[in-house]
Every structure is written in structure tokens, then in C-alpha cells.
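All remarks here apply to the structure that follows.
Residue numbers (the working numbering), protein chains in the order written: chain A, 1 to 245; chain B, 246 to 720; chain C, 721 to 1326; chain D, 1327 to 1438.
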């Protein structure tokens, strides 16, 4: 009965919600161009401050954000404050998991031969890929979050695959803490050097080069490290007690 | 530089990240951070602070005006006093409280809708974690599910606002939204309202508050009722002033939700026999009243109500949870006559209850009067009738508790025949001092409404013009 | 002068509190001195009518009526303080009692001198909550709670009226603000009804009387006189404001007129009449002397309300004078009961008897008080009731006059009961050893007795002030000339009445002294055919005093159950709300949210 | 068109939230709802024949039409927040399970 009522309500909602939203978003005809009134236009053109001219990959220099990946330039430069909030959420949830799992007993999962061997071989590669992804976050798809998660996976593979590495997660905490603090300090450096918090105060170089985009790569490295250590911490905390299901 | 308002967010976050590894100094770090924040609040100039070097429509900025100042001041002071009050408990949750502080400050300062969403989520998650301190995880889970659902609603609303207007900046967003056709702005506005409804404890979705507030301890009770509740109230006030365009449909729905929250919350509080539960429902009701004020375009009355409620509830919850912890139970039978042993706490509790009910000579009275006066100017004469009728119910249950808590004597007998609970140790001298300071603050504010009113009235120019229910349709 | 009084009050409240913390008795004496000082200070204000003073956000002004009322209140408070030193050991929180006592005093005095509506309400509520916290220190928490809730019903209605008035008229000054409603009868009717409600609840007008017996009956014995003689009179002041300052007769000018009284006011008067009848009938039934006196306060509140609402030459003067007469008489009666309770520990009439042998002065105090209360010449109560009656019959308000007459006669029944049950008859053995009340208490009581007598002999002292109030209001003043009080129907010279009664009394006294004395028989001096008497009280003739009437009350309707049912209903609604909206289950909350979302989307698609 | 997928997922999630009492399923429903929201957000920035907003050697300047990058940035944040909440929710559920031995909220009843 409850399910039927719910289903009915959902169907009603589906009908009316789609109709209501369809009026403004036009589900059937996507626009062929970015709407002119959206502020993203300025982001795409790297022209928020109104100084830039034409933008050419590999040639334009000293753009305001200087990242070839526009999503990255939004995430780490234009709206870097959101990202700070985002890693704070992650930090918080790692804290919460740690607090709630604090009383648990850490159990070592018994790992088989395949896991052990594969972990030894694959984990370094994954780690490397992760690092690659977040260092190239301003040029290619990806960035700190996927890179960090990848690192975390590598760490976990290593963690599960080896009997010798035991429960010492202290370094993770240190990395997490230091990376977070450095992010804020970087932001504060922007405040002192360039006048506003989290401002990109380093020269942004040439669009498309690895060493470009000012603090963006630095921030992404920090984010990557932080996310990596936090996600590892969360999953490691989860494995503290045996989950019976 | 040093006086930039950004420190209010950067400092707690930095402290939080550091505190994870410096566990011995955690608590000191928290206190120092709060003190520094207070300094920053007084040093920072008012105005727009940009982040990342990009001007408002594009970058994120912080809006620090009189309104934000009041909210921030209230929250820093209360949080400082609460962590001193609940020191042993606060020690375990220091990083969480620090992050929550950053989130609260960010939530009240931010001038960007999406950033607001992020900050709300930070505060919500911190609140989930803090609520586990009650030791009742099913309630935390309940809260978590509801808050997250509403978070998703808020996110969708934000995104739709972006889709329709192309910007996310809070200040002045209302102008853009009001120029949209009703059919377009209705859904995002509805989503934004429901996105805040859970944290505001509005009626159909306030069920979580019953247990989270009703089984609180010395740390969570005051923090939820006196820090988180007013913070979300203030954010809602900002949203009502700058973002949300009310159509008659959303407006009346919101109004009905707010009124029913107030009425049903107080009615449910009336029947409780558990002190903490009573206070929980009272918090729900009061939140409804504040929301009603913001909805009816009387932010000024809403602010007063929020401040009064925050101060009163910090004392009420501080004393109630302390006494409950000491005597083992919050029921009327156990706590009868308990203030016979704890007179100072009793006096503070009485002051707070009288102010909460809105009895003259206390701050709550001026809050109630300004609320009713504000509603008169909207022309809805029946709303004050509801408010005042409900105020009778509210006064009735608060007074019942007050009388029971003070009087150890048997019913029908004079004082000489009394049954006293055995005296237990509730608070240390330092904690009593904190409660006393809170009571003095509340009392002084009530004594000098004039000056207080003058200070608050400066908030008026900074706020946009009042928007009435149904305003959105006039365009 | 006023500023000094206000500052003095605030300082003395703190002083009394601190002093009582040190030693409750000193604090009690402090309240005595402070209230005396307040009495003297306010009496000096008589000459400075029109003087205004602003104290922070409170604004006060001296008016004749305010002066009159606050003198009454201060007298009652002052005489009650004579009892304080002896009761400190019976209180849980003596320091709080003393401080709150003075705070409620300050609140009431402030109320009468309030110049603007906000000050009025603030002082009102201050007096209410401080007195509520005092009542709590008596026998019953429930009583204090009922007192607060009933007061809250009235105050919230009044607050609504006050705020609406301020909002509509744009001014807070009482005299200016109410004039606004001359032009808008509909709104004026609403404001009038809401404003006077607090007066009705405070005076204990039917159906708001439920708190009186409870609160009066279980308040600390020293505070019951203040409640009945003092705080209840605040309601009279509100009634005065809402009919004399609020242009009620003009606002209701186009309503149906009944003998020159507009229907809404007439309805209120009828409520007053019901209160007289109801209060009288219920008072007859009571066993507890304090509850009995409380019901008599209900009845007398009816007289006062009717008198004030008439707003004419005679009944209005009578109503205002009855405020004073009843305050003095009722305070004296309650104080006498307190003195008895101090010695015996009870106020139940069935447990007492024969107190005249041990406490003769208290007996005289009580006797004079009830004579005044019942309106028998030559005491003050007679003059005021007579004036009210004159006014009613002159207007031709026959129902109300009947009710008033009924109340007068009924009051003989109820005031006589405590007299005979408590003071007359045989003394119970356990009270053989008790002594007369302490001299300090006697001073307080005798002051009131003297006032009652004086008011009866020379009522014109007071009526002169009332005449001035009437002149200020622009109505014909009561006619007074020397010792003659005149109305359109006739005149009375209370001095000659007193002389006649005095001669009569002397005659009876002589007869009493000359004629042979009757033999005194002890209570236990009786034949019980070998039965041992366990409960001597049963032998006292005060036991089951009105047994024949008791049957009449068996099916008597009571109002209290209605309120209890209302409270229960509220709790049921709370429970209902809790199950529906506050049920701890995520699914349900999400369901509600979805329902509302559907509501809005469907409404928007329309 | 892709909006439909988002809305459908949101509604499926809500349906789950309205019907199930199993804590893990509730979290899954929440995740489905969040996923739907994320898809919906991405769809806001959709441009017909639009490309990923990254300048590369093949796409050297802004002549090409990119999709809106801002929703993508927002989704990034939303995903991480969703992850954080889910982790917390799961750990809470697990702790409840440890205490009560069941994941079903109706079996636990009102924990007073």
C-alpha cells in the first residue's frame, strides 16, 4: 500500500516536474551555444578581469588563470573557495568516520597470493598514475580529486596486500593535516602578496605548458595528497572491524 | 590584510587541520581561534571581500555587513561560552567544532549561492558528527538522511537558479529572479526553500529535531539550539532578503509551514513531561516564529527573535542538560525542586525562561512586540492572534516547568514539608560562571532595548527592501 | 519626586534581597519600611498631578485616579508587611519572597502611573509574574500555574489590543492613542474587547474567576491579602481605562442601547452580575475560610466592574469607592485569617472554633471587615454598594440591581459562616493554649479596621477625590456636602447613621453587661454515652454549617473542568501533531516533503 | 534529453527514501538521488555538439563551442560532498548494526 502510494506520488511528481522544468530548460532542443548571459562565458575566455585578447593554446601568456582545462581553472582558481570547502567536507567526514570507528578493533584481512603479488606490481603504477593525473590537472581531464582517489586506491591495495604494513596510519594524518594547512597558507599568501585570499599570485606562464597556471598545479598537488590520504584513512577506518553481512 | 574578514574562515580551518596532529593543544587552539575571531570581527571593515581576485559576478566574495556582523558576533560569543561550559565533552570534538565554526562563518558571510550550499553541507556534516555525541545513532541517521535530501534539493535549486539567471552571486539575485516568468522561478524557489526547511525545523520535516534536541548533552544541546539554529535562521533571513522571490503559492505554503511549525511545536511542547523534549519542541516552535517573520518581510523582528532564542536556549539547554546528567533523568518527577540546591543556575534558568516566553523587562518581550508590530504592517491581523494565543500555551508550559523545578514542596503543603532530591554536583564554579555570564548578557540586553535597538537598526539600510508574499507575480 | 520614588524602589528591591539573604527577618522589616516609605512618597504626589517623568523607556505621569489607586494598593501592601517577620521561616525562598514582593509593588504602582501603553503593559506583566512566583511559595504549584495561565490569557489579549492601538494611532500615549478609535467603531470594538479582557481575568469576573479561589486559597498567608485587596484591583484600573479613557460609550454609540448603556458594555455588566451571583453562591459553600473570601472577591469584583462600567455620577463613584472599601475589608479579613492560621496552622473552618476566647482583637478586626464587605452600615462597604445600587436603579437596570441586591443579601450568609465557625462557639481542646496574635500583626490589622470604620463614618473624604476624578473625566461629580452624600434619588448622612448604630451598639453592650451571663460550656463538656470522642471538631457547631444548603450544590456546574478539558484537548492536539509530523522516521518526513513539492509543482502548472 | 535520466534517477531515489527502512538501502537511495542530481546538473550545461572545455593542441582557441564548464565544476564539488555524507552515513549505519544487530530501522524502533 505504502509502495503504491509512493509510486503514485512519484509518477505525479515526475509528470508535473518535467513539465514545469521543460518550460525553462527545453529538454528536447539543447542550445547550440553556451547561453550568452551565463558567467561561464568569461571563464571559457579566461577573461573575467576584462584584459585578455585572443586566446590560443600554446601561445597565450600570462592569462588570468592560465589553465588549459577550464573546469580546473574554475575549480582551483575562479571558485577555489568552493574547493577549500569541498576538501573540508572530506576532512570532516574522515574525522567523523575516525571518531565513530575509534573504538573498533583493527583486523587484518587475510590476503591471498594473487592479491599480494598484484598489489606489489600494480600499486606503484597506480600511485604514479594518480600523481600524473593531479599534476596535469590544469592541462588534461582529471585533477586533484580523481588523482587523489587513485592514490588512495593504490595505498589501499598496498595496505590490503601486505602483511607487514600494519595499522600505522599516523603518516596519513600528517599528510592530510599538512596539505590542508598548506592550502590555506597558500591562500593566505595570495592575501598578502596579491591582495585577496586564494588569489593566483604566481606568474601563469603559457597556456598549455606543464609549468603554467600559477598556483593551480600546486593547489591540485595539495588537494590530491589530501584527498588521497583522507580517502585512504576513511577506508582504512572502515576496515577496522570485521563487517558481518 | 590582517583585518580581513577572510580570517574568520581561514583561521578555524587552519586550526582544524593543525589540530588533528597537535592533539594536546586542540582545546587551547579552539579557544584562541574564537578569541582571535572576535578580534577580527571588530577590526574588519564592512563591505565586500573578494576571494581569488575576481569581482562578484564571477568569483566568490564575502559580504560583511551589519546583518552578518550581528550574526557572527552572536555565534562566536555563544560558541566560546558553550565550549567553556562543556569543556570535557568539547575536547573530544575539537576539530569538528573548528570546522563547524569555519562553516558557520562562511555560511553567514558568503555571497555566492553555490558556496552557500557547500558551507551548509559543511555545517550539516559537522552537526551529524556532533549529534553522535548524544549516543543515539539512529537519530543521527535520521537527521543525516533528511538533511542530505534537503541538501540535494538546495543544490538543484542553486543549479536551476544558475541555469535561469547565469549567475550565482547572492547579493541582488532577487532582482534577476523576479524578472523571470513565474513558471520558471517557482521550481527553483521551492527547491531552495525545501533545501533549508530541514535545518530550519519547519513542520513536515522537523521530526529529526525532536530526538536530536530532546536527548542532547551539555555540548550538543547548547550548540544545536543556540548556535546552529540561529545561524540557519540568519542564513534564511539573508536568503529571503536577497534571493528568494515568493510567489503566492510558495509564499503561502511557507507561511503555513512556519505558522504550523510554531503552533504544533508549542502544542507538542505543552504535553511533554521531559524537560529536554519540552525544550526541543520549544526550539522547533521558536524557529517557526522566526521563519514567519522573515517570510512576512520583517527581518528586524526575526533577528530579535533569533538572538533572544539563542541566548535563552543556551542557558536553558546548558542548565537542563547539566542537571539531567547529574540527576540521571529529565522527567518532571526527578527534577522537581532541583533548583533548591542550585540557586544560581535556577536564577539563570528563570531569567532565560521568562525571556523566552516574552515577559516584559526581558529581551524576549521586545522581540515579541516587534514581531507583532511588524505583522500588523503587513495587514494580516489574524497572524498576531495566532502568535499571541500560542504564546499563552508557551507561557503555560514554561511556567509549569519553572514552578516545578523551583519547588520541592509537596502539592498542597507548605515548604516545611518537602521532598528533596539528594544534592548532586552539577557544575563546577567555572561552568556556573559561564552560565552566569550568559544570563547577564541576556538580562542586560533586555534592560537596554533602546541602545540595542539602535545598534540593530543600522542593519536596516544594508538589507534589501522587504519583499512581500506574492511579490514575484507583480513583474 | 517620581524619579526618586522609582530609583528608591529599584534600590530597595536589591537591598531587601541582599538583606534577606543575610537574615530573612531583617529583609521582612525592610519590606515594611520600604512600603511605608512608598506610601508616604506617593501620598506626597497628590499635589503634583500632571507631572511626568521618563525613566529609560518607561514613561510615567501623575494622575488623580492613578494616585487614588496606588494609595489603595500601597495601603494593602503596607499592612501586609506587618506580618512578614513572622512568616519568613515558612517560606522556601524568603529572600526571593521579599524582593518579589517589592517588585510586584513597584509594578502595580508603576501601572497606575503609566503614561504610555507600553509602560502600562510592562508594569502589568511585571506585577503578574512576580506575584506568580510568590504564590508558588505557598501551598500549591498548580494554583500559581493556573493564576499565571489565566493572567496570560488576559495579558495576551491586552497586548494585542495595545499593539493594535499603537499601530493604528501611531502614538503610545494612553490618552491620545485611544481617541483614534472614535472614528472606527468596528476596530474599536475589537480593541475594547481585547483590552478589557486582562481586567476581567484579573478581577476574576465569571468565567475567568477560576484562579481566584486557587491562588488566594493557597498563596502564602501573608500574600493572600495583597492578592485579593491589591492585585485584583489592577483589573479595576484596566476596566476604568477601557471605559473612561477609551471612548467606549462613543465608540459603541451606534449600538443597541439598553437603558442608555450600549449592548457590549451591558453584556460586560451582565457578566459582572453573574459574577456577583456566582461568587456569592459559591462562597456560601466553601469550607476553607480563604477560599470563601476568594469567592467573595469574585462577587465584589462584579460590583466594582458594574460600577465602573456605568461611568455616571453615582454608580461610577460607588465602583471606585468600592475598590478602596473592598481592598481594605478583604485585606483585613485575610490578615485576620492569616493571624489565625499562624496560631493554629489551618484555615479550614471545620477544624477551628471559639477563637474569640483566645484572639479577641483578631475577632474584632474580622467582624468589622465582614460588616464592611457585606455592605452593612455603618462601615465603608455600605456607602459604595449603596451608591452602585442608586446608580443602577436610577438608570433602571433592573436585572443588575437585582443581582446586586442578591449579592448583598447572600453575603450575609457567607461572611457570617467564618465568623461563627472560626471565632464563635466552643474552643477545641487543642487550641486551649494559643495566644492572641503578635502586637506587630495587630497593628497592621487594626490600621485596616480603623480605615474601614472611618470610611463608613466620613466617606466624603474619599468621595472628594472621586468627585475630582469625575470632573476630570467630564461627567457630573458625585454630590457631597459636609457629611452628607447625595444622589438624585436621595441622600445619606453617614455620620448620623453611625451615631444611630453607635447608640444601638451601646444599648446592646449595656444589656449584655447588665443581663445575667450565660454559662460557658466547654466543647468536650458533653454526654456521649460511653463513646470516646476522637474528633472534637465534629462536636463544634461550625461543622457542616450549611448542611441544608450542601445538597443544593451537588449538581452545581463548575467552570474549572471546562478549562481542564481545554488543557487536555491542547495536549491531545500536541500528541496528534507529534504522531503526524514529529514521528521519528525518515520515510515519513520525506513523504511529507514530496507531498508539498507536488502541491507546489501542481499548483504552479495550473 | 539527458535531463530525463537525471530527473528519473532523482525520483527513483526519492521513491526509495519513501519506502525502504533498511539503512543501507536508504543510503543507496540517497546516492541514487545524488547521482540523478549530478546528471541533471551536468545537463544544465549541455550544448548541442559541444566539446569538453579543455584547450588542447587540437582545440587551440575559443572558436570551438564548449559545454558550460561551471556545472561540471559544481558537480565535482557535489560528488565529493555526497561521498563524504555517504561515508558518514555508512559508518553510522554500521555502528547501529553493531549495537542492534540489524540494519532495519523498523526493527530497532524508537530508541528512547
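Think of the CB as a built atom: it goes at the ideal place given N, C-alpha and C, for glycine as much as any other residue.
As the structure is a prediction and not an experimental result, all values here were calculated from the model.
Per DSSP, the continuous beta strand (DSSP E) segment holding residue 1199 of chain C begins and ends at 1199 to 1201. Residue 1287 of chain C and residue 578 of chain B have their C-alpha atoms spaced approximately 20 Å apart. Within the same chain, and ignoring the five residues on either side of residue 527 of chain B in sequence, the residues whose Cβ sits closer than 6 Å to its Cβ are 514. Interface annotation, residue 96 of chain A: in contact with chain D, CB-CB separation under 7 Å.
Taking CB atoms only, residue 1021 of chain C has no neighbour in chain A less than 7 Å away. Contiguous alpha helix (DSSP H) elements confined to the region 168 to 225 of chain A occur at 170 to 193, taking only those with 4 or more residues. Going by DSSP, residue 755 of chain C is part of the alpha helix (DSSP H) stretching over 744 to 763. With contact defined as three or more Cβ pairs closer than 8 Å, the region 420 to 438 of chain B and the region 395 to 405 of chain B are in contact. Residue 307 of chain B is bridged by DSSP to B/294, B/355. Counted as a single uninterrupted DSSP element, the beta strand (DSSP E) harbouring residue 1212 of chain C occupies residues 1211 to 1213.
In this structure, residue 1040 of chain C and residue 1195 of chain C do not form a Cβ contact; the two beta carbons are roughly 12 Å apart against a cut-off of 8 Å. A Cβ of chain D is located within less than 7 Å of the beta carbon of residue 70 of chain A. Residue state for residue 1421 of chain D is assigned as helix, using DSSP reduced to three classes. Annotation: residue 689 of chain B to residue 554 of chain B spans about 15 Å, alpha carbon to alpha carbon.
The secondary-structure analysis by DSSP pairs residue 69 of chain A across a beta bridge with D/1380. Per DSSP, residue 598 of chain B is one residue of the alpha helix (DSSP H) stretching across 588 to 602. For residue 773 of chain C, the enclosing beta strand (DSSP E) begins and ends at 772 to 775.
In the DSSP assignment, residue 779 of chain C falls within the beta strand (DSSP E) that extends over 778 to 781.
Under a 10 Å Cβ-count criterion, residue 1333 of chain D is classified as buried, with 16 or more other Cβ atoms of the shown protein chains found around its own Cβ. Rounded to the nearest angstrom, the gap between the Cα atoms of residue 259 of chain B and residue 198 of chain A is 14 Å. Closer than 7 Å to the CB of residue 1376 of chain D there is not a single CB belonging to chain B. In this structure residue 991 of chain C does not touch residue 912 of chain C by the C-beta definition: roughly 14 Å separates them, more than the 8 Å allowed. Under DSSP, residue 834 of chain C takes part in a beta bridge, and its partners are C/780. Close partners of residue 455 of chain B in chain C (Cβ separation under 9 Å): 1298, 1302, 1303, 1304.
Within 10 angstroms of the beta-carbon of residue 581 of chain B lie 16 or more other beta-carbons, which makes it buried. Under DSSP, the beta-bridge partners assigned to residue 1205 of chain C are C/1200, C/1212. The beta carbon of residue 3 of chain A falls within 7 Å of a beta carbon belonging to chain D, placing the residue at that interface. Beta-bridge annotation (DSSP): residue 519 of chain B is paired with B/576. Sorting B/284, B/292, B/281, B/297 by C-alpha distance to the C-alpha of residue 189 of chain A places B/297 at the top. Spatial neighbours of residue 1376 of chain D in its own chain (CB-CB distance under 7 Å, excluding positions within 5 residues in sequence) are listed in chain order as 1391, 1392, 1393. In its chain, beyond the 5 residues on either side, 230 have a beta carbon closer than 6 Å to the beta carbon of residue 90 of chain A. Interface residue (Cβ-Cβ distance to chain D less than 7 Å): residue 57 of chain A is classified as such. Within 8 Å of the CB of residue 13 of chain A, the CB atoms of chain C belong to 1314, 1317, 1318, 1321, in sequence order along the chain.
For residue 1190 of chain C, the uninterrupted alpha helix (DSSP H) segment begins and ends at 1180 to 1193.
Within the region 879 to 964 of chain C, the complete alpha helix (DSSP H) segments at least 4 residues long are 894 to 899, 905 to 923, 931 to 938, 952 to 960, listed from N- to C-terminus. Within chain B, the C-beta atoms nearer than 7 Å to that of residue 1349 of chain D come from 386, in chain order.
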